[in-house]
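Okay, structure first, notes after.
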């Protein structure tokens with residue numbers, strides 16, 4: 002018995018024009034009727050994936066931002082944040098070493 006289906010987006014679920022396959026939402030409804038969970042897994046940010054799957058986004062599970070963010074049916078996940086003082090120290094070190102770095106937070110409302 003299949004309990005869960007997970008799929009990547011680009012080059013897997015989406016076609017070469019970044020479209021969902023024809024009949025996708027009908028298949029998704031049949032999976033829901035059989036209690037099969039559907040998981041969207043992607044390197045993309047949550048808020049863009051959420052928009053791609055409207056009107057059923059609230060019924061799906063998402064693994065986004067290359068696995069760093071997991072959303073279950075439009076609920077914020079429990080997270081373990083890095084201490085703010087530690088982050089400040091890392092930023093200082095990167096700046097003194099002239100390293101290229103990025104720091105961002107992603108939530109249900111997008112990039113902050």
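In our numbering, the protein residues as written are 2 to 113.
Even for Gly, the Cβ is constructed at its ideal location relative to N, Cα and C.
From a predicted model like this one, the values you see are computed outputs, not experimental measurements.
For residue 31, the enclosing alpha helix (DSSP H) covers residues 25-34.
Counted as a single uninterrupted DSSP element, the beta strand (DSSP E) harbouring residue 38 occupies residues 38-42. With distances taken between CA atoms, residue 104 lies nearest to 66 out of 66, 29 and 50. Judged by DSSP secondary structure, residue 48 falls within the alpha helix (DSSP H) whose first and last residues are 47-53. Annotated three-state conformation of residue 5 is strand, per DSSP. Sequence-distant Cβ neighbours of residue 5 in its own chain, meaning closer than 6 Å and more than five residues away, are 38.
Residue 73: member of the beta strand (DSSP E) spanning 70-73, first to last residue.
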